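Heads up: the sequence shown begins at 37 in this note's numbering, then just goes up one per residue.
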Amino acid sequence: HETSDHYMGVIAHLGPRHRVIVCKDDLQWIVQRRKNGGADRPWRSLRYFRTREALMRFCATLCGRIDPAAWAALAALPDIIGGSK
Numbered sequence: 037h038e039t040s041d042h043y044m045g046v047i048a049h050l051g052p053r054h055r056v057i058v059c060k061d062d063l064q065w066i067v068q069r070r071k072n073g074g075a076d077r078p079w080r081s082l083r084y085f086r087t088r089e090a091l092m093r094f095c096a097t098l099c100g101r102i103d104p105a106a107w108a109a110l111a112a113l114p115d116i117i118g119g120s121k
């Protein structure tokens, strides 16, 4: 499930409370926030994106400082999901 800690489509952890995943159908990227406390589905989806530019712009405003490895993973994504680089 996309909201699980064990979801296989995680692209990057932006920090301790935010991550970016690719949806199960490879149609969009999703920015998620970790819920407080224990839960069966600990991640909540915040926004959905089809373009890398919009995804990176949102992540920069959401998190402030992003782990450099996570930023590099986002920068390596194609311009448009399902499209070419």
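For each residue, glycine too, the CB sits at the ideal point set by N, CA and C. Everything numeric in this text was worked out from a predicted model, so none of it was measured.
I'd like to confirm the pairing. Which residues does DSSP put opposite residue i in its beta bridges?
{"i": "tryptophan 79", "result": "Arg70"}
{"i": "histidine 54", "result": "Arg69"}
{"i": "tyrosine 84", "result": "Ile66"}
Below 8 Å on the Cβ atoms is my contact criterion, and I expect residue i with residue j to pass it. Report the Cβ-Cβ distance as a whole number of Å.
{"i": "cysteine 95", "j": "leucine 50", "result": "6 Å"}
{"i": "lysine 71", "j": "arginine 80", "result": "6 Å"}
{"i": "aspartate 115", "j": "threonine 97", "result": "Going by Cβ atoms, the distance from aspartate 115 to threonine 97 rounds to 20 Å, so no, they are not a contact pair."}
{"i": "arginine 77", "j": "histidine 37", "result": "6 Å"}
Just the C-alpha distance for residue i and residue j, rounded to the nearest angstrom, thanks.
{"i": "lysine 121", "j": "phenylalanine 85", "result": "Because the pLDDT of lysine 121 is 48, which lies under 50, any placement of that residue in the model is unreliable, and the number read from its coordinates should be weighed accordingly. When rounded, the distance between both Cα atoms is 16 Å."}
{"i": "alanine 108", "j": "histidine 42", "result": "22 Å"}
{"i": "isoleucine 47", "j": "isoleucine 57", "result": "5 Å"}
{"i": "proline 52", "j": "alanine 112", "result": "21 Å"}
{"i": "leucine 91", "j": "valine 67", "result": "8 Å"}
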